[in-house]
Amino acid sequence: MSETTHDGGVAVSAPPSPDEGLTAAELAAKYGLSVSGARPRVREYVRQLWGRRHFILAFSRAKLTAQYSQAKLGQLWQVATPLLNAFVYFMIFGVLLNASRGMSKDVYIPFLVTGVFVFTFTQSSVMSGVRAISGNLGLVRALHFPRASLPISFALQQLQQLLYSMIVLFLVVIGFGSYPDASWLLIVPVLVLQFCFNTGLALVFARAGAKTPDLAQLMPFVMRTWMYASGVMFSIPVFLADKPAWVANVLQWNPAAIYMDLMRYALIEEYGSKNLPDHVWAVAVGWALLFAVGGFLYFWKAEERYGRG
29 MSETTHDGGV AVSAPPSPDE GLTAAELAAK YGLSVSGARP RVREYVRQLW
79 GRRHFILAFS RAKLTAQYSQ AKLGQLWQVA TPLLNAFVYF MIFGVLLNAS
129 RGMSKDVYIP FLVTGVFVFT FTQSSVMSGV RAISGNLGLV RALHFPRASL
179 PISFALQQLQ QLLYSMIVLF LVVIGFGSYP DASWLLIVPV LVLQFCFNTG
229 LALVFARAGA KTPDLAQLMP FVMRTWMYAS GVMFSIPVFL ADKPAWVANV
279 LQWNPAAIYM DLMRYALIEE YGSKNLPDHV WAVAVGWALL FAVGGFLYFW
329 KAEERYGRG
């Protein structure tokens, strides 16, 4: 196209753009562009996570190493912290409040230490999950990777920490007369199920914490209430024998109590099946699947929103 100027010259105007009038979505489709950080399909998302498995493992190990790097005792605090908690709970609940009703000291101390170690695994996974996104915004905004890698790596970090602590737990249990036998093989499925449950819970709270960072300040109170309701320091059926049966059933069927009781059953010789709720393994598998699958899908739904705003 051309037109005559005021001095008689001819000015040539640019032809109209072939993209004129197209919307942003139409332009993206025309040139094969996709949304940055777009949520892939579930199968593709799982494939991406599997491709980042080495990063997830290395990240969890680095976090575990750095956790106590400033302390003089270093990694010993991985074991010392739950042991000190167990000692405090024993003095308050075992000695002062007589929470060991129906159990000898040789049973109650392993019972208590096992409960503290196992519940700490869940508690730490949840607390790490809450900050998984909000505490790593620089990483989330700088690199493109499936965001579920972060809460999964934090749950894996807590599993590794528990495995180190289990050495001390074994010594405590053996010291009070429960020696290794075939029931100790149950430790492996219990840990697998609890890890699946904890990972799903970490994914749920990672999404919630990404949207509401103040949740990290509230969660210690929630976790403390959960601990007191899960029978960490006392036997639920014995302690609530004079209460309506449904109260004890509800508390025993909560996932934290389920995994603690299964671990106690595996480790402590005198902690028999009569202490376990009905259908305990089915309930344990159900909680693990519900939160592992449900938590993963819940987190995946918000994949595009992490690190924005």
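Residue 337, in the working numbering, is where the sequence shown stops; the numbers in between run on with no holes. Using N, Cα and C, we set each Cβ at its ideal position, and we do this for glycine too.
Local conformation of residue i per DSSP, three classes
i: N8; result: Since the first residue of the chain shown is 29 and the last is 337, residue 8 is not available in this structure.
i: L193; result: Sequence check: residue 193 is Ser here, not Leu. Reduced to three states, the DSSP call for S193 is helix.
i: D242; result: coil
i: F149; result: helix
i: A330; result: coil
i: M119; result: helix
i: H307; result: coil
i: I296; result: coil
i: P283; result: helix
i: S30; result: Only weak support exists for where S30 lies, its pLDDT of 48 falling under 50; the value from the coordinates is given anyway. If DSSP states are grouped into helix, strand and coil, S30 belongs with the strands.
i: V144; result: helix
i: N164; result: helix
i: H172; result: coil
i: R75; result: helix
i: G259; result: coil
i: N126; result: coil
i: M247; result: helix
i: G314; result: helix
i: R89; result: helix
Rounded straight-line distance, which links the Cα of residue j to that of residue i
i: V275; j: N282; result: 11 Å
i: L190; j: L214; result: 16 Å
i: D242; j: S162; result: 10 Å
i: L165; j: V278; result: 38 Å
i: F346; j: R67; result: What is shown of the chain runs 29 to 337, which leaves residue 346 out entirely.
i: K91; j: M155; result: 14 Å
i: P305; j: Q280; result: 7 Å
i: D209; j: I296; result: 10 Å
i: L229; j: V158; result: 10 Å
i: F204; j: V266; result: 21 Å
i: F249; j: S258; result: 14 Å
i: P272; j: R71; result: 46 Å
i: S30; j: L77; result: Confidence is the limiting factor: at S30 the pLDDT is only 48, short of 50, which leaves the residue's position unreliable, though a coordinate-based value still follows. Their Cα atoms are separated by approximately 57 Å.
i: S301; j: G335; result: 47 Å
i: Y287; j: L140; result: 14 Å
i: M194; j: F262; result: 21 Å
i: F145; j: L197; result: 8 Å
i: Q245; j: Y256; result: 19 Å
i: K239; j: G322; result: 18 Å
i: Q95; j: L317; result: 30 Å
i: A108; j: A294; result: 23 Å
i: H307; j: W212; result: 20 Å
i: Y117; j: R75; result: 44 Å
i: V311; j: M247; result: 25 Å
i: R89; j: D289; result: 29 Å
i: Y207; j: W309; result: 23 Å
Buried versus exposed, by CB contacts within 10 Å (16 or more), residue i
i: S132; result: exposed
i: Y417; result: Examination of residue 417 is not possible in this model, given that the chain is present from 29 through 337 alone.
i: R292; result: buried
i: G143; result: buried
i: I84; result: buried
i: V201; result: buried
i: I120; result: exposed
i: A86; result: exposed
i: N303; result: buried
i: Y299; result: buried
i: L199; result: exposed
i: F319; result: buried
i: V260; result: buried
Closest by C-alpha distance to residue i, when choosing among the options
i: S152; options: V308, W254, K239, S211; result: W254
i: A269; options: V201, L295, R129; result: R129
i: L187; options: E331, R336, T227, V116; result: T227
i: R69; options: D289, F324, G335; result: F324
i: W315; options: M247, Y299, A285; result: A285
i: Y73; options: S263, N303, S177, F87; result: S177
i: C224; options: A330, V313, A127, K239; result: V313
i: R80; options: A114, R175, T109; result: R175
i: E332; options: F173, S88, A320, Y207; result: F173
i: N113; options: R252, D289, L290; result: R252
i: A127; options: W309, L290, I264, S88; result: I264
Below-7 Å beta-carbon distance, residue i vs any chain D residue
i: S263; result: Here chain D cannot be found, since the structure has a single protein chain.
Does the segment 231 to 250 touch the segment 177 to 187, meaning 3 or more C-beta pairs lie closer than 8 Å? yes
Could you tell me whether the segment 216 to 232 touches the segment 140 to 155, using the rule of 3 or more Cβ pairs below 8 Å? yes
Any contact between the segment 126 to 142 and the segment 166 to 175? By contact I mean 3 or more CB pairs, one from each, below 8 Å. Contact annotation: the segment 126 to 142 does not touch the segment 166 to 175, with fewer than three C-beta pairs closer than 8 Å.
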